[in-house]
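Visitor: Before I ask anything, let me first share the structure, which is written out below as C-alpha cells.
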Amino acid sequence: MDEENKLSRKTVLKAALAAGVAAPVALFGGPALARTSVAEGQVPELTPACHDGDEPTIEQTEGPYFKPNSPERTNLVTPGTQGTRLTVTGYVFGRACLPVNRALLDFWQADVNGAYDNTGYTFRGHQYTNAQGAFTLSTIVPGLYPGRTRHIHVKVQAPGRPILTTQLYFPNEPRNNTDTIFDARLLMTVRDNGSAKEAAFDFVLNVPQTPTSTPPTSTTTTGGPTTSQPPGGTSWAVGTSYAAGARVTYDGRGYVCLQGHTAQPGWEPPAVPALWRAE
Ligand SMILES: [Fe+2]
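For the sequence shown, the positions run -34 to -1, 1 to 245 when mature numbering (1 follows the signal peptide of the UniProt record, and there is no 0) is used.
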C-alpha cells in the first residue's frame, strides 16, 4: 500500500481540494459529491458507493463502438472541434472511499453530430488517475444518435483488477426517460460555465481497501446540517413518480428531488446525488 492510502480519507480529500482538483459543492450548486461531504467533516452520504456496504459503480454495455489502443491523452478537443466544450472531473475510489492511484480510464464518445469515429481515434483517449485518484477529461458534450440518450462511454480499471465498463449521463435530458439503458446512478453533476459545461463524477471500484482511520466527525463542520432537523415529506418508495422539488424521507433524513423521475430499485436518495439533495 502506498503512502497515499495510509492517509485518512478526510486528509486525502482535503489535500485534493486544496490542490484545486475537486470542486466544492457550491461550485456545482446542486448535488454534492462524496468528496465534498468528507472534506467538510461529514460522513459521506451523497455518493452511493462511499457508504459501507453500498455497491460499486454499476456496469453497463460498451455498445458497438469501442476500439482498443486509444491514445493516452486527457484532451479530446482539437482546434477545429465543433460542439459545446465539456470538462469532466472526478475521482476513482475503492470500496473504503480511498483513492485509487494509476487507475486506467478509457473514454470514448460520439461527436457533436452523434457519430463515432470508427476508423481513427477522434473522441477516444485513455489516461490514469493521479495519487489523489483524480482525473480530468476535456471534451465536448456528445451529440445524440437514434435510440440513446446523451452519454459518454468509459472503461475504468484499477491496477491488476477487472475492467469496469460503464457510461456517464447528463441530467435533465429528455431521452433519459425513454432510454432503457439509462441509469440515474450514473448521472454526472453538470453546471454551466459561460458557454462551456463542467461535469463531475466519482467512480467507486470493487477494490478491497482497509480504512486506516475512523470516519470523520462533524466537530469541525461549519454550516452542516443539524441532526435534530425533522425531515419532511413522505417516505421514498420504488415506483413513485417524483417531480422536481418533491420532498421525501429516507433512512431518517430529508431529501429534495432535483429532477422528475420514477424511482427505481437502487435509486435511493443517498445513492443518486443527481436526483436528490439532502435537506
Ligand atoms: Fe454510445
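Each residue gets a CB set at the ideal place from its N, CA and C atoms; glycine is no exception.
Quick check on Gly56: buried or exposed, where buried means 16 or more other Cβ atoms within 10 Å of its Cβ?
Guide: So Gly56 ends up on the buried side.
Visitor: Let me check understanding here. Comparing Cα to Cα, which of Arg61, Ser207, Leu224, Glu164 lies closest to Gln230?
Guide: The shortest Cα separation from Gln230 among Arg61, Ser207, Leu224, Glu164 belongs to Ser207.
Visitor: Alpha carbons only, please: which of Leu52, Tyr87, Ile24, Leu70 is nearest the one belonging to Lys33?
Guide: With distances taken between Cα atoms, Lys33 lies closest to Tyr87.
Visitor: What is the DSSP secondary structure of Ala100, counted as helix, strand or coil?
Guide: Three-state DSSP puts Ala100 in a strand.
Visitor: Please tell me whether Gly80 and Tyr31 are closer than 8 Å, where the distance is taken between their beta carbons.
Guide: For Gly80 and Tyr31, no; Cβs fall outside 8 Å.
Visitor: Ala203: buried (16+ other C-beta within 10 angstroms of its C-beta) or exposed?
Guide: Ala203 is exposed by the Cβ-count criterion.
Visitor: Since Ala76 and Gly29 are thought to touch, with beta carbons under 8 Å apart, how far apart are those beta carbons, to the nearest angstrom?
Guide: Not really, about 10 Å apart at Cβ, beyond 8 Å.
Visitor: Report yes if the C-beta of Arg114 is less than 7 Å from at least one heavy atom of ligand 1; otherwise report no.
Guide: Within the cutoff, so yes.
Visitor: Could you please give me the residues that DSSP links to Ile129 through a beta bridge?
Guide: Paired residues: none, contrary to the question.
Visitor: Pair every Cβ in the region 45 to 61 with every Cβ in the region 167 to 175, then say whether three or more of these pairs are closer than 8 Å.
Guide: The region 45 to 61 is in contact with the region 167 to 175.
Visitor: May I have a chain-ordered list of the beta strand (DSSP E) segments no shorter than 3 residues that lie completely inside the region 27 to 62?
Guide: Correct list: 51 to 59.
Visitor: Identify every residue that forms a DSSP beta bridge with Ala165.
Guide: In the DSSP output, where bridge partners are listed per residue, Ala165 has Val54, Val156.
Visitor: What do you get for Pro239, buried or exposed, if any count of 16 or more other CB atoms within 10 angstroms of its CB means buried?
Guide: Label assigned to Pro239: buried.
Visitor: Is the closest heavy atom of ligand 1 to the C-beta of His92 under 7 Å?
Guide: Answer for His92: no, Cβ out of range of ligand 1.
Visitor: Residue range of the beta strand (DSSP E) that Arg219 falls in?
Guide: That run of the beta strand (DSSP E) goes 219 to 223.
Visitor: Using three-state DSSP, classify Val(-14) as helix, strand or coil.
Guide: In this prediction, Val(-14) scores a pLDDT of 39, lower than 50, which makes its location untrustworthy; no coordinate-derived value is stated.
Visitor: Can you find a heavy atom of ligand 1 that lies under 7 Å from the Cβ of Ala76?
Guide: Yes, the beta carbon of Ala76 sits closer than 7 Å to at least one heavy atom of ligand 1.
Visitor: Less than 7 Å between the CB of Gly49 and some heavy atom of ligand 1, yes or no?
Guide: Not under cutoff, so the answer is no.
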